[in-house]
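Each residue of the sequence shown is one higher than the one before, counting from 0 in numbering that gives the first Met the number 0.
Structure record follows, encoded as structure tokens.
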Amino acid sequence: MKTKSYAANSATTPLAPFNLERRAPGEHDVQIEILFCGVCHSDVHTVRNEWQGTTYPCVPGHEIIGRVISVGAHVKKFKAGDIAGVGCLVDSCRTCGNCEEHLEQFCEKGATFTYNAPDKHSGGVTFGGYSESIVVDEAFVLQVPKNLDLAATAPLLCAGITTYSPLRYHGVTKGQKVGIVGLGGLGHMGVKLAKALGAHVVVFTASLSKVEDALRLGADEVVQSKDEDAMKKHLNSFNFILDTVGAKHDINVYLVLLRRDGNLTQVGVASEPLEVDVTNLIFGRRSFSGSLIGGLKETQEMLDFCGQHNITSDIELIPIQQVNEAYDRLVKGDVKYRFVIDMASLKQAK
Numbered sequence: 000m001k002t003k004s005y006a007a008n009s010a011t012t013p014l015a016p017f018n019l020e021r022r023a024p025g026e027h028d029v030q031i032e033i034l035f036c037g038v039c040h041s042d043v044h045t046v047r048n049e050w051q052g053t054t055y056p057c058v059p060g061h062e063i064i065g066r067v068i069s070v071g072a073h074v075k076k077f078k079a080g081d082i083a084g085v086g087c088l089v090d091s092c093r094t095c096g097n098c099e100e101h102l103e104q105f106c107e108k109g110a111t112f113t114y115n116a117p118d119k120h121s122g123g124v125t126f127g128g129y130s131e132s133i134v135v136d137e138a139f140v141l142q143v144p145k146n147l148d149l150a151a152t153a154p155l156l157c158a159g160i161t162t163y164s165p166l167r168y169h170g171v172t173k174g175q176k177v178g179i180v181g182l183g184g185l186g187h188m189g190v191k192l193a194k195a196l197g198a199h200v201v202v203f204t205a206s207l208s209k210v211e212d213a214l215r216l217g218a219d220e221v222v223q224s225k226d227e228d229a230m231k232k233h234l235n236s237f238n239f240i241l242d243t244v245g246a247k248h249d250i251n252v253y254l255v256l257l258r259r260d261g262n263l264t265q266v267g268v269a270s271e272p273l274e275v276d277v278t279n280l281i282f283g284r285r286s287f288s289g290s291l292i293g294g295l296k297e298t299q300e301m302l303d304f305c306g307q308h309n310i311t312s313d314i315e316l317i318p319i320q321q322v323n324e325a326y327d328r329l330v331k332g333d334v335k336y337r338f339v340i341d342m343a344s345l346k347q348a349k
């Protein structure tokens, strides 16, 4: 099926209209008309080949909200007209130990990501959500709570699960003290989710201009990370810290804020390695770990949790014709806090 989209043809050319081929829906497939697609920083990294390995043409987008157009004969969870979501994954082997534990993102044979991944159906690569429709196996399609604003729900499919998964894995709960480092697309979701889990939330930011916004989003305290005296007041006091910063920074100033057996989880991907002083881990039995999105079961759990607590992203809705400008603004941090493309604008694309 010929499908309108926006694609990058090289690392240095802007995204532009592109006609791609989608497969016809199979017995287990769900065909979705895409209504909204979030813009993730990883879209920028991939389009510009900053992580290497991008195959062109590249159609990015893995924060997809849409309406089901049709379903295969064996599909049970969805019917035409339903609102559905597609996140970072569209397939996995489903038989390895990780897949059996609902951790498809760690598939031992290689998860199939929503774009720029080998596509067993076409023999090429997968094309993402900057397009008018997508065909996905039912097992990788998510149900969307009916009470949530659809455009603002789109970023939950990446930013939401990226922050929810480590908060849940490390048992964040009522009465705990949780730090969120950075207040961007990931950080603002971390604040909302940690607060909804009942934690006392402290935001660390290098920007004084973000103090008011952090409090509005639900933070109990805001600490200017370059203020040494303010930082010292929090030594040995955090149960958990989520670091969302995607640039090189001193991780050690946060490790020492953890109490005994506390954990710092890194979800921001810096272009250069972070240096860790292991004595900050040894003294206090602290741990430093990473986390990658979440499996399908946990992503559905996150969406249901957001539905119960009326949590969505703070977004700026744009037409697809402004996506290249949005990329430049995203790199500068000029967005509160996530761009979402209104895919109806694709109909006007030439």
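For every residue, glycine included, the Cβ atom is placed at its ideal position computed from N, Cα and C.
Find out if the Cβ-Cβ distance for the pair residue i, residue j is shorter than 9 Å.
{"i": "valine 180", "j": "leucine 166", "result": "no"}
{"i": "alanine 83", "j": "isoleucine 314", "result": "no"}
{"i": "valine 29", "j": "serine 4", "result": "no"}
{"i": "leucine 182", "j": "valine 202", "result": "yes"}
{"i": "tyrosine 336", "j": "glycine 184", "result": "yes"}
{"i": "aspartate 242", "j": "threonine 278", "result": "no"}
{"i": "phenylalanine 282", "j": "asparagine 262", "result": "no"}
{"i": "leucine 34", "j": "alanine 218", "result": "no"}
{"i": "aspartate 260", "j": "serine 286", "result": "yes"}
{"i": "threonine 113", "j": "cysteine 87", "result": "yes"}
{"i": "histidine 101", "j": "glutamate 271", "result": "no"}
{"i": "serine 132", "j": "isoleucine 292", "result": "no"}
{"i": "cysteine 39", "j": "glutamate 62", "result": "yes"}
{"i": "glycine 65", "j": "glycine 25", "result": "no"}
{"i": "tyrosine 55", "j": "alanine 10", "result": "yes"}
State the Cα-Cα distance for the pair residue i and residue j, rounded to the nearest angstrom.
{"i": "glycine 80", "j": "glycine 174", "result": "42 Å"}
{"i": "valine 339", "j": "alanine 15", "result": "17 Å"}
{"i": "glutamate 227", "j": "isoleucine 160", "result": "32 Å"}
{"i": "alanine 422", "j": "leucine 155", "result": "The requested residue 422 is not part of the displayed model; the chain covers only 0 to 349."}
{"i": "valine 190", "j": "leucine 214", "result": "9 Å"}
{"i": "glutamate 103", "j": "isoleucine 31", "result": "22 Å"}
{"i": "tyrosine 253", "j": "valine 334", "result": "25 Å"}
{"i": "threonine 2", "j": "tyrosine 129", "result": "10 Å"}
{"i": "valine 266", "j": "valine 244", "result": "8 Å"}
{"i": "glycine 96", "j": "glycine 289", "result": "20 Å"}
{"i": "phenylalanine 105", "j": "tyrosine 168", "result": "15 Å"}
{"i": "glycine 37", "j": "phenylalanine 139", "result": "18 Å"}
{"i": "aspartate 118", "j": "lysine 78", "result": "25 Å"}
{"i": "aspartate 90", "j": "serine 41", "result": "19 Å"}
{"i": "valine 268", "j": "valine 67", "result": "33 Å"}
{"i": "aspartate 276", "j": "arginine 258", "result": "16 Å"}
{"i": "methionine 0", "j": "serine 312", "result": "32 Å"}
{"i": "aspartate 341", "j": "glutamate 274", "result": "40 Å"}
Please check the pair residue i and residue j, which I expect to be a contact at CB under 8 Å, by giving their CB distance rounded to whole angstroms.
{"i": "valine 85", "j": "valine 135", "result": "5 Å"}
{"i": "serine 236", "j": "threonine 204", "result": "At roughly 18 Å, the Cβ-Cβ gap does not stay under 8 Å, so serine 236 and threonine 204 are not in contact."}
{"i": "asparagine 115", "j": "cysteine 157", "result": "In fact, because the Cβ distance is near 14 Å, the residues do not count as touching under 8 Å."}
{"i": "serine 344", "j": "isoleucine 319", "result": "5 Å"}
{"i": "glutamate 137", "j": "histidine 27", "result": "5 Å"}
{"i": "leucine 216", "j": "histidine 187", "result": "6 Å"}
{"i": "asparagine 323", "j": "proline 13", "result": "4 Å"}
{"i": "cysteine 92", "j": "lysine 75", "result": "About 21 Å separates the two Cβ atoms, so there is no contact after all."}
At a Cβ threshold of 9 Å, is residue i touching chain B?
{"i": "arginine 337", "result": "Chain labels in this structure do not include chain B; a single protein chain is all it has."}
Those runs of the alpha helix (DSSP H) which lie wholly inside the segment 156-228 and span at least 4 residues
Uninterrupted alpha helix (DSSP H) stretches at least 4 residues long and entirely within the segment 156-228 occur at 158-168, 184-195, 210-216, given in chain order.
Report yes or no: do the segment 113-129 and the segment 190-200 share at least 3 C-beta pairs separated by less than 8 Å?
No contact exists between the segment 113-129 and the segment 190-200.
Does the count of Cβ pairs from the segment 300-309 and the segment 138-150 closer than 8 Å reach three?
In short, these stretches touch, since the Cβ pair count reaches three.
Check whether the segment 230-246 touches the segment 327-334, taking contact to mean three or more Cβ pairs, one atom from each stretch, closer than 8 Å.
Counting Cβ pairs under 8 Å, fewer than three are found: no touch.
Spell out a yes or no on whether the segment 44-53 and the segment 17-24 are touching, meaning 3 or more CB-CB pairs, one atom from each, closer than 8 Å.
Because the criterion of three Cβ pairs below 8 Å is not met, the segment 44-53 and the segment 17-24 do not touch.
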